[in-house]
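2 protein chains.
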Amino acid sequence: MATLKQIGKELGLSVTTVSRALNGFPEVNEATRVKVRETAERLGYRPNRIAQRLVTGRSGMVGMILKIKPDMSADQTFFQTLTGMTAALAAHETDLVLAVDQDADPVQAYRKLLERNIVDGFILNAPVRDDPRIAYLKDQNIPFVLHGRDRDAPDYPFYDIDNHAVSTDAVDLLANLGHRRIALINGEVQYTFGLDREAGFRQAMAGRDLAPGWIVNDATLEQQGYQAALDMLSQANAPTAFVCFSTLVAAGVMQAARDKGLSIPKDVSIVAHDDALPQTRAIEFNPALTVTRAPLRDAPEPLVNHLISVLRGAAATDHQQLVRAELILRGSTGPVPSVP
Amino acid sequence: MATLKQIGKELGLSVTTVSRALNGFPEVNEATRVKVRETAERLGYRPNRIAQRLVTGRSGMVGMILKIKPDMSADQTFFQTLTGMTAALAAHETDLVLAVDQDADPVQAYRKLLERNIVDGFILNAPVRDDPRIAYLKDQNIPFVLHGRDRDAPDYPFYDIDNHAVSTDAVDLLANLGHRRIALINGEVQYTFGLDREAGFRQAMAGRDLAPGWIVNDATLEQQGYQAALDMLSQANAPTAFVCFSTLVAAGVMQAARDKGLSIPKDVSIVAHDDALPQTRAIEFNPALTVTRAPLRDAPEPLVNHLISVLRGAAATDHQQLVRAELILRGSTGPVPSVP
DNA sequence: TTTGTGTTTCAAAACGTTTTGAATCGGGTG
DNA sequence: CACCCGATTCAAAACGTTTTGAAACACAAA
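Protein sequences, first through last, are from chains A and B. For the first sequence, the working numbering gives the first residue as 1, with consecutive numbering after it. For the second sequence, the working numbering gives the first residue as 341, with consecutive numbering after it.
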């Protein structure tokens, strides 16, 4: 591996000058700079990141810790996010160190990575309410950025979609179509996104004096959506509309409605939230799904950029981003059926 | 952050002595060592890995590059492997840098990580025949270890199961039960494990003068297993036994047999290879599945240990491990039906 | 007292970079 | 000629560790 010293010796220059020439400092003669560049190229010089990091005091790596579920599966969305993230990080000469959390204590894995002086900061996802990881990292004064929020109006950098509005938008749409009996098939309420969706739903319903009589939480799979909807549709005074946590859950709900001999949107309306994952495309449903849409692939780049800025010393609160999901009207929603 | 120098000043010792005391060198007075340990503990000393790495010339990180399929899903098996790997690496003070390969050129992502002097070596998986990544890493003289092999009798460290034997064992079992028309529902033949399974199958069939008339490749999903088996079972002189690439594929084959009104194992026998993933448990099939079994969770630790040894200078060929899958007889195999 | 011996400690170099503060040079100005 | 100035280059320090070769010390043997 070529070093600055070798390039210097080759040209009769000091390492100082070589370093400055390569790093674009203005006080070096343009002719010298060209020669240095040439020689560096010829010798195949690559800066030794380790040495750079020792002197700058930063490691140039950020950590991310995966929480794996007991069934060893992980978030469906993880690979989508990971791909975007490594690409965005590479643009800032930064690498991603991945670890898996297998501990009971959610903070343990972060502590371990920190103690080894490996990473400059963290990317967190899937926060729970008052997340202990966040308390820990703030206490230790470690930079991090969150995909999501663990509370309203936090004081750390984050990128999140407005999950509260996701629900209120859906309820507003359905209520304006005349629906009164609206169900929520929600995701995991251990996470704030689930909690926010439920809170938004309850508030929107309350604002219109509607009773939130049908709420099912912790449904993430198609099968769970199917089962929940089937139960509800079998009752007297069944709901006429469903707000679904995901397009996958909506697929289950749709199947349940069909199995009950109900047609969409004549008898039952369905709104889902669409993370725009490649597996289940809302527009290919039959009928095409009305959705609140916030592509997950939009998240990694802002997320990474926020973190990089903060690592460079920017104020945490300058890097908060709350995006509103888009409401896209398609064929799965219609006016409430006249009389049941 | 406390440093060696600070500990030294605190105790009136040189950094040399402090360093040696903490690293367990024999030539330091036991009383001194105790004092140093105490002070280090009290000051919360953590060695600066970056500095350590600069002087030792090793980064203490290994890289792994994920190949993501066009549908953005990844290997079902990935999380299983990842968990075991980070745990095994942590035992050697080593961290995992993850990157995603989004290039047409499979070597590009490796080159990038290397040019940045980030990693000491690589863990590769899912090799193709004469894998270009392996050629590149060997040419560059970069340590690596492979999960799988890209050819027979390679000269690099690997951990692999004997995929050839997986097929021959299955065929032998079925042929000994009297089956003559044996089908193979194989996985992706772009990878060597798929190729080896097919080669083993053909060889075992040829060894018994049986015609390998039913071979389907590139089936990884339940649906694909179902479709392939349904096609075969609809033909005249349909196969009486199936060798399946995975338990997931076997589930599809089983369903196809049932849909054809065939019972298992009376009319159709099924053998599958079982990676022992938590999602599809062969023993819970009905009837319980006869399998060749090689738990994927067994792989990460030997894999990591091989790599660590090689990083420490061991000979590459001392760290090759070929394990033979276990044949487990259960209820899905039986004698060939008397007359069709 | 001197010499030898084993134990324990130390100063200094090294890793490759960035950064600080100073030196050198050529050329103009007084 | 003496001085100053801008442009360019340099030597040295620093980051925190490991490692080398030598020094210091205590104690026993000669």
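All C-beta atoms in this analysis are idealised placements derived from N, C-alpha and C, irrespective of residue type, glycine included.
Check                                                                                                                                 : Outcome
Interface residues of chain B facing residue 95 of chain A [CB-CB closer than 8 angstroms]                                            : 437, 439, 453, 456 and 458
Cβ separation of residue 469 of chain B and residue 532 of chain B, assumed to be a contact under 8 angstroms, to the nearest whole Å : 6 angstroms
Min CB distance residue 620 of chain B to chain A below 9 angstroms                                                                   : no
Cβ-Cβ separation, residue 487 of chain B to residue 499 of chain B (assumed contact under 8 angstroms), whole Å                       : 6 angstroms
Residue-level contact to chain A via CB, residue 597 of chain B, 9 angstroms cutoff                                                   : no
Rounded C-alpha distance that separates residue 143 of chain A from residue 114 of chain A                                            : 11 angstroms
One or two residues paired with residue 525 of chain B in a DSSP bridge                                                               : B:556 and B:584
Straight-line Cα distance separating residue 601 of chain B from residue 680 of chain B                                               : Caution applies to residue 680 of chain B, whose pLDDT of 47 falls short of 50 and renders its modelled position unreliable; the model cannot decide the point.
Of the listed residues A:322, A:123 and A:337, nearest to residue 78 of chain A (C-alpha basis)                                       : A:123
Beta-carbon proximity check, residue 36 of chain A vs residue 436 of chain B, cutoff 9 angstroms                                      : no
Residue environment, residue 420 of chain B, which counts as buried when at least 16 other CB atoms sit within 10 Å                   : buried
From B:595, B:573, B:574 and B:549, residue whose alpha carbon lies closest to that of residue 563 of chain B                         : B:595
Short Cβ contact (9 angstroms threshold) for residue 385 of chain B with residue 362 of chain B                                       : yes
Against chain B: residues of the stretch 44-58 of chain A by CB proximity under 7 angstroms                                           : 46, 48, 49, 50, 51, 53 and 54
Sufficient close CB pairs (3 or more, under 8 angstroms) joining the stretch 565-580 of chain B to the stretch 515-529 of chain B     : yes
Neighbouring residues, chain B, relative to residue 87 of chain A (Cβ below 8 angstroms)                                              : 440 and 442
Beta strand (DSSP E) runs contained entirely in the stretch 361-430 of chain B, provided each spans 3 or more residues                : 401-407
beta-carbon residue 644 of chain B near the ligand FMN non-hydrogen atom, thresh 8 angstroms                                          : In the structure on display, the ligand FMN does not appear, and there are no ligands present to speak of.
contact_flag[the stretch 540-547 of chain B, the stretch 503-514 of chain B] where n(CB pairs < 8 angstroms) is 3 or more             : yes
Inside the stretch 90-126 of chain A only - alpha helix (DSSP H) runs reaching at least 4 residues                                    : 108-115
Contact check, residue 100 of chain A vs residue 426 of chain B, beta carbons under 9 angstroms                                       : yes
C-alpha gap between residue 450 of chain B and residue 651 of chain B, whole angstroms                                                : 17 angstroms
Cβ distance (whole Å) where residue 54 of chain A is taken to contact residue 394 of chain B below 8 angstroms                        : 5 angstroms
C-beta neighbour in chain A for residue 673 of chain B, strict 9 angstroms                                                            : no
CB-CB length for residue 167 of chain A against residue 133 of chain A, believed under 8 angstroms                                    : No, residue 167 of chain A and residue 133 of chain A are not in contact; Cβ-Cβ is about 26 angstroms, not under 8 angstroms.
Beta carbon of residue 622 of chain B nearer than 9 angstroms to that of residue 587 of chain B                                       : yes
Helix, strand or coil at residue 16 of chain A [DSSP, three-state]                                                                    : helix
Residue 354 of chain A to residue 92 of chain A span [Cα, whole Å]                                                                    : There is simply no residue 354 of chain A to check, as chain A begins at 1 and stops at 340 in what is shown.
Residue 201 of chain A at chain B interface by Cβ criterion, 9 angstroms                                                              : no
Neighbour list for residue 422 of chain B in chain A, Cβ cutoff strictly below 8 angstroms                                            : 66, 98 and 100
Cβ pair residue 57 of chain A, residue 307 of chain A closer than 9 angstroms                                                         : no
Three-way DSSP call (helix, strand, coil) for residue 531 of chain B in this model                                                    : strand
Same chain, Cβ closer than 7 angstroms to residue 39 of chain A, neighbours up to 5 away in sequence not counted                      : 7, 10 and 11
Distance CB(residue 481 of chain B)-CB(residue 47 of chain A) smaller than 9 angstroms                                                : no
9 angstroms Cβ cutoff, residue 462 of chain B in contact with chain A                                                                 : no
Beta-carbon proximity of residue 267 of chain A to residue 292 of chain A, cut-off 9 angstroms                                        : no
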